[in-house]
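To start, the structure itself, in structure tokens.
Residue numbers (my numbering), protein chains in the order written: chain B, 1 to 340; chain W, 341 to 610.
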């Protein structure tokens, strides 16, 4: 009886262990979560391989599941006004409610290269309010690899057909290109020295041009003298501008005076008088000349010591006598009164 | 020449094929008869609790070590080979665990563990019943107005249904853990990545559990039929055992094909 019971216990234990494994498996499989969730509806034109039960992740962290995918056949949704083809009902855990804003992006992506597709949420920016319970948003469709392949296939097909149909043209293009390249090669090889020269000349030219531009810059752009000159010219023009008006006024007055003078002189009576005055002036000058000639004669007489004045001026003896007389008078003043 | 007897046509091959076909047909009918009578006695037969528990212990607990070891090694080998192939195509192991788990749940855990059980449990049942047949104990039972199906097959049938399911669930877990350890050691796949249920859905689990129950029912019925149809002494018991193992394995493979096809039609390929 004891053995019977021991067997029963062992059998029961095995069954219970298996049931526990199976139960745990089913619970984990059904995505059992004790977190409270809220629902968001995501509209897609083509959700790709997204399935009901697929995970919902933010930055790789699972925060919910896709509960169901409903085909709505392009009917217009009264709340959003959009044509909805497929609508995914998504249950998101309440704990991330505040992290998902109403400008969040919902897109379908895969885990790994060949992995199962899941719904990823880019939570949006903090300025926007949190996404409300029961909100309907537009999801971003996954990239259509099949469409890409179809297009790529079409492109390849066109290319291959084009090449096939224009084989001769392509061959001739290739031949011509080869010939051209060959000719170019010969040209370059034959004229290697000249090309080298040209290149070196160009190099020298560039060096000189560089020096030239540098000097020009130093002398004519950065030069302080030039700046001074320009400043002076500027000052001058300023000055001229300031002085021009009074100067012009003076000039105008002078011209007016001149006009008056010429008007006066222009009279024939006046002209006659001027002529007469000039003639008198000529005669006067002639007389002055003869007077000066006479004076010259007198002076030469004096110089020769002729005449009284000449003797007085030119005779040394008289000078000595006068000097001696003055000296004697100085010593003997009485001689003014008395002669010995 | 005219007196010469008519030459018998060479019919050896045709006769052999015909005989095999008839045997199969008769055997199938017999097996079906055993199955139907087993089902009948499951609901209408007498209740002997101790017998079922003893058979559960024999079929379940006594096979536990064998099945665990076998499935553990099979899990390691499967995963290692799959990883090698995967590395050759695309060195991305993120989906290795999920794919492996899907494969186990849908098919391999049930089929491989059932094949292991068929060799051990099926051979045991056939040998036990076969020896009872050749020692005329079955006839004695019949004389006592006890149907050997009710007395011998029903407890094994019930015990096998329960314990095969339990053992397959257990051995699936063992194979998965062994695979996870192998992936971690050989390909550095983190356990967290490996323990991924994302490819499993209710359809997979339904197919897997259906296979558990079907194999659990098939092994004792096929083996009991082989045991009951034993003839010719101890040599016959040997043959019965062999036939039980072969036929049980065959039954498992055929049932696998049927259930997998049904699952494909019901749940799709995903």
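For every residue, glycine included, the Cβ atom is placed at its ideal position computed from N, Cα and C.
Neighbour flag for residue i against chain W, beta carbons, 7 Å
i, result
"residue 22(B)", "yes"
"residue 7(B)", "yes"
"residue 15(B)", "yes"
"residue 117(B)", "no"
"residue 353(B)", "For residue 353(B) there is no data in the structure shown, the boundaries of chain B being 1 and 340."
"residue 28(B)", "yes"
"residue 341(B)", "Because residue 341(B) is not part of the residues shown, which for chain B are 1 to 340, the question remains open."
"residue 172(B)", "no"
"residue 18(B)", "yes"
"residue 176(B)", "no"
Residue i - containing alpha helix (DSSP H), residue span
i, result
"residue 196(B)", "192 to 216"
"residue 573(W)", "573 to 607"
"residue 380(W)", "352 to 384"
"residue 240(B)", "224 to 265"
"residue 318(B)", "316 to 331"
Cβ separation of residue i and residue j, assumed to be a contact under 8 Å, to the nearest whole Å
i, j, result
"residue 563(W)", "residue 588(W)", "6 Å"
"residue 50(B)", "residue 3(B)", "Their Cβ separation, rounded to whole angstroms, is 57 Å, which puts residue 50(B) and residue 3(B) out of contact at 8 Å."
"residue 11(B)", "residue 571(W)", "No, residue 11(B) and residue 571(W) are not in contact; Cβ-Cβ is about 34 Å, not under 8 Å."
"residue 77(B)", "residue 86(B)", "Residue 77(B) to residue 86(B), Cβ: 12 Å. No contact."
"residue 423(W)", "residue 527(W)", "5 Å"
"residue 497(W)", "residue 378(W)", "5 Å"
"residue 454(W)", "residue 540(W)", "With 8 Å as the limit, residue 454(W) and residue 540(W) do not qualify as a contact, their Cβ atoms being about 20 Å apart."
"residue 426(W)", "residue 436(W)", "6 Å"
"residue 494(W)", "residue 382(W)", "6 Å"
"residue 411(W)", "residue 452(W)", "7 Å"
Interface flag, residue i vs chain B, CB-CB below 7 Å
i, result
"residue 395(W)", "no"
"residue 400(W)", "yes"
"residue 538(W)", "yes"
"residue 558(W)", "no"
"residue 509(W)", "yes"
"residue 434(W)", "yes"
"residue 306(W)", "Residue 306(W) is absent from the model: chain W starts at 341 and stops at 610."
"residue 405(W)", "no"
"residue 506(W)", "yes"
"residue 454(W)", "no"
"residue 513(W)", "yes"
"residue 479(W)", "no"
"residue 590(W)", "no"
Run of the beta strand (DSSP E) containing residue i, from where it starts to where it stops
i, result
"residue 122(B)", "117 to 122"
"residue 89(B)", "83 to 93"
"residue 333(W)", "Since the first and last residues shown for chain W are 341 and 610, residue 333(W) lies out of range."
"residue 73(B)", "61 to 76"
"residue 40(B)", "37 to 44"
"residue 105(B)", "105 to 110"
"residue 130(B)", "Segment: none, residue 130(B) is in no beta strand (DSSP E) and carries neither H nor E."
"residue 285(B)", "No beta strand (DSSP E) holds residue 285(B); the alpha helix (DSSP H) holding it covers 268 to 304."
"residue 56(B)", "55 to 58"
Three CB pairs or more closer than 8 Å across the region 126 to 138 of chain B and the region 95 to 110 of chain B: The region 126 to 138 of chain B, when compared against the region 95 to 110 of chain B, does touch it at the 8 Å Cβ threshold.
Validate contact between the region 453 to 471 of chain W and the region 525 to 543 of chain W using beta carbons, cut 8 Å, 3 pairs: Cβ pair count under 8 Å is below three, so no.
Touch test, the region 36 to 44 of chain B against the region 87 to 94 of chain B, Cβ-Cβ under 8 Å, three pairs minimum: A contact between stretches requires three or more CB pairs, one per stretch, nearer than 8 Å, and the region 36 to 44 of chain B meets this requirement with the region 87 to 94 of chain B.
Within the region 398 to 463 of chain W, ranges of the alpha helix (DSSP H) (whole runs, at least 4 residues): Counting only runs that start and end inside the region 398 to 463 of chain W, the alpha helix (DSSP H) elements of at least 4 residues fall at 402 to 429, 436 to 443 and 449 to 457.
Segment contact, 8 Å Cβ cut-off, at least three pairs: the region 510 to 518 of chain W with the region 17 to 26 of chain B: As far as the Cβ criterion goes, the region 510 to 518 of chain W touches the region 17 to 26 of chain B, which means the pair count is three or higher.
Segments of 3+ residues assigned as beta strand (DSSP E) that fall wholly inside the region 133 to 196 of chain B: Those beta strand (DSSP E) runs which fall completely within the region 133 to 196 of chain B and span 3+ residues are 136 to 138.
Every unbroken beta strand (DSSP E) inside the region 456 to 544 of chain W [3 residues or more]: DSSP runs (the beta strand (DSSP E)) wholly in the region 456 to 544 of chain W: none.
At least three beta-carbon pairs within less than 8 Å, the region 354 to 367 of chain W to the region 467 to 474 of chain W: Taking a cut-off of 8 Å for Cβ pairs, the region 354 to 367 of chain W and the region 467 to 474 of chain W do not touch, as fewer than three such pairs fall below it.
Inter-stretch contact at 8 Å, needing at least 3 Cβ pairs: the region 141 to 155 of chain B / the region 55 to 68 of chain B: As far as the Cβ criterion goes, the region 141 to 155 of chain B does not touch the region 55 to 68 of chain B, which means the pair count is below three.
Cβ pair count under 8 Å reaching 3, the region 415 to 431 of chain W against the region 473 to 489 of chain W: They do not touch, by the three-pair rule.
Stretch-stretch touch, CB-based, cutoff 8 Å, three pairs: the region 574 to 587 of chain W with the region 64 to 75 of chain B: The region 574 to 587 of chain W makes no contact with the region 64 to 75 of chain B: fewer than 3 CB pairs, one atom from each, lie closer than 8 Å.
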